[in-house]
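With positions in the sequence shown counted from 1, the corresponding number in my numbering is that position plus 291. Presented below is the structure to which this report refers.
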Amino acid sequence: MNSSLDPASTLSAPESATHAAANFDAALKGGAYAILPQFGVIDANGDDAASFLHSQLTNDIQHLDVTGARLAGYCSPKGRLLASFLTWKTGDTIRLLISKDVQPAVQKRLSMFVLRAKAKLTDDSDKLLVVGLAGDVRGALAAEFDALPDGVHVKVDDPSGTLIRMPDAAGSLRYLWVGPKDAVEARLAKLDGALTRVSPAVWDWLDIRAGEPRITQAVSEQFVPQMVNYDVLGGVNFRKGCYPGQEIVARSQYRGTIKRRTALANVAAGLDVVHPGVELFHSDDPGQPCGMVVNAAAAPEGGVDLLAEIKLAALETGTVHLGAADGPALRMLPLPYALPTEV
292 MNSSLDPAST LSAPESATHA AANFDAALKG GAYAILPQFG VIDANGDDAA
342 SFLHSQLTND IQHLDVTGAR LAGYCSPKGR LLASFLTWKT GDTIRLLISK
392 DVQPAVQKRL SMFVLRAKAK LTDDSDKLLV VGLAGDVRGA LAAEFDALPD
442 GVHVKVDDPS GTLIRMPDAA GSLRYLWVGP KDAVEARLAK LDGALTRVSP
492 AVWDWLDIRA GEPRITQAVS EQFVPQMVNY DVLGGVNFRK GCYPGQEIVA
542 RSQYRGTIKR RTALANVAAG LDVVHPGVEL FHSDDPGQPC GMVVNAAAAP
592 EGGVDLLAEI KLAALETGTV HLGAADGPAL RMLPLPYALP TEV
């Protein structure tokens with residue numbers, strides 16, 4: 292099983308479009324899995340691993356429950372997100388799932404602050420396989436796992452790794468499976484008859500429709516956690532101790548200065564022009580950007596679905612456009628969760 296290939300990568304344009312439609316149908320109407328090379332894994336071990344990460348990340352790692360996973364961010368001293376993680380415990384290891392393109396720089400930076408702490412950070416991406424499963428997959432998984440996690444971000448462990456229930460997206464049930472490459476591949480081979488393998492881009496789209504932003508290299512250091520709704524998604528603990536940027540993050544929360552949030556939208560354009568880091572402009576204020584694309588993925592209905600960090604005021608009147616005030620207009624879609632009313 293080649294985990295680096297996108298099943299659609301060798302198809303012609305018409306074949307690729309048909310293949311993409313089949314991919315979405317499998318995830319939304321059937322059962323599907325995708326191998327996810329867009330993610331890397333940092334493993335933290337040692338007596339002080341939990342306390343060290345607790346002092347660096349936005350969430351409570353010291354009291355991470357062995358049955359759960361948590362979102363967390365890693366901020367610069369200015370409170371801007373360098374990276375986002377899904378983190379959990381597996382045995383004596385604290386595992387951090389991170390966007391692959393920022394992993395080397397983030398791991399190096401974190402390691403610089405270990406100092407005398409008894410903690411070691413290891414890139415275990417090559418030893419592990421990250422798999423996303425979506426749709427009608429419970430029956431197939433129940434044949435391979437003794438128990439399935441029911442609540443969002445609840446997990447179970449077995450010799451083939453960790454299975455985590457992820458937020459539903461577009462009405463589709465989702466799980467994330469991370470474990471030793473050989474063990475996961477052996478079990479996936481048994482699931483091939485029951486589930487359809489799809490492109491990893493389908494998982495990116497499902498993450499967008501779940502409203503869960505991911506910090507990639509293109510948008511690193513652009514947003515405080517609240518700008519990407521991490522306070523709403525449980526990625527920030529405001530009662531824990533200090534971490535880099537904590538004062539700025541807390542000040543934004545308690546002084547009512549959150550004037551920017553992440554919204555869900557669709558735009559009638561292609562991925563050649565819609566990608567993370569592209570600026571957005573409002574029809575009434577063409578001279579300065581009002582937001583930025585955080586994540587983007589091709590949508591089954593056409594165009595591109597995206598998570599966009601944007602001034603809340605820009606959503607009240609007028610229209611928001613990609614790249615320039617006369618660029619393609621964004622069509623706003625409802626997030627699957629409520630945002631707090633800002634004052």
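Note that the Cβ used here is the ideal one computed from N, Cα and C, for glycine as well.
CB of residue i within 9 angstroms of CB of residue j, strictly
i, j, result
"residue 384", "residue 334", "yes"
"residue 616", "residue 563", "no"
"residue 521", "residue 362", "yes"
"residue 367", "residue 506", "no"
"residue 467", "residue 422", "yes"
"residue 355", "residue 365", "no"
"residue 395", "residue 415", "no"
"residue 266", "residue 358", "Nothing about residue 266 can be read from this structure; the chain reaches only from 292 to 634."
"residue 336", "residue 410", "yes"
"residue 451", "residue 477", "yes"
"residue 499", "residue 460", "yes"
"residue 621", "residue 613", "yes"
"residue 454", "residue 482", "no"
"residue 370", "residue 539", "yes"
"residue 311", "residue 490", "yes"
Where residue i sits in the DSSP three-state scheme
i, result
"residue 521", "coil"
"residue 309", "helix"
"residue 545", "helix"
"residue 302", "A caution first: residue 302 carries a pLDDT of 39, below 50, which makes its placement in the model unreliable, though a value can still be read off. It is coil, neither helix nor strand."
"residue 418", "coil"
"residue 295", "At residue 295, the pLDDT of 37 sits below 50, so the modelled position is not reliable and the matter cannot be decided from this model."
"residue 343", "helix"
"residue 606", "helix"
"residue 570", "strand"
"residue 411", "strand"
"residue 619", "coil"
"residue 336", "strand"
"residue 272", "This structure gives no information on residue 272, because the portion of the chain shown stretches from 292 to 634."
"residue 323", "strand"
Residues of its chain near residue i, where Cβ-Cβ distance is below 6 angstroms and the 5 sequence neighbours each way are ignored
i, result
"residue 626", "502 and 555"
"residue 438", "447"
Beta-carbon contacts of residue i that lie in its chain and below 8 angstroms, excluding the five residues immediately before and after
i, result
"residue 528", "349, 350 and 351"
"residue 393", "373, 374, 506, 507, 508 and 511"
"residue 566", "509, 584 and 587"
Test: residue i CB closer than 9 angstroms to a CB of chain B
i, result
"residue 586", "Although the question refers to chain B, the structure presented lacks it and comprises just one protein chain."
CA nearest to the CA of residue i, picked from the options
i, options, result
"residue 479", "420, 571 and 377", "420"
"residue 632", "432, 551, 587 and 377", "551"
"residue 458", "594, 426, 470 and 435", "426"
"residue 314", "546, 622, 449 and 592", "592"
"residue 470", "536, 326 and 515", "326"
"residue 331", "476, 321, 398 and 569", "398"
"residue 601", "589, 573 and 628", "573"
"residue 382", "338, 495 and 570", "338"
Beta-carbon contacts of residue i that lie in its chain and below 7 angstroms, excluding the five residues immediately before and after
i, result
"residue 353", "341, 342 and 345"
"residue 624", "555, 556 and 557"
"residue 605", "573, 581, 582 and 611"
"residue 321", "426, 427 and 487"
Taking only runs that begin and end inside the segment 345 to 398, name each unbroken beta strand (DSSP E) of 3 or more residues, in chain order.
-> 360 to 366, 372 to 381 and 384 to 390
Which whole runs of the beta strand (DSSP E) in the segment 422 to 508 are 3 residues long or more, in chain order?
-> 446 to 449, 452 to 460 and 463 to 471
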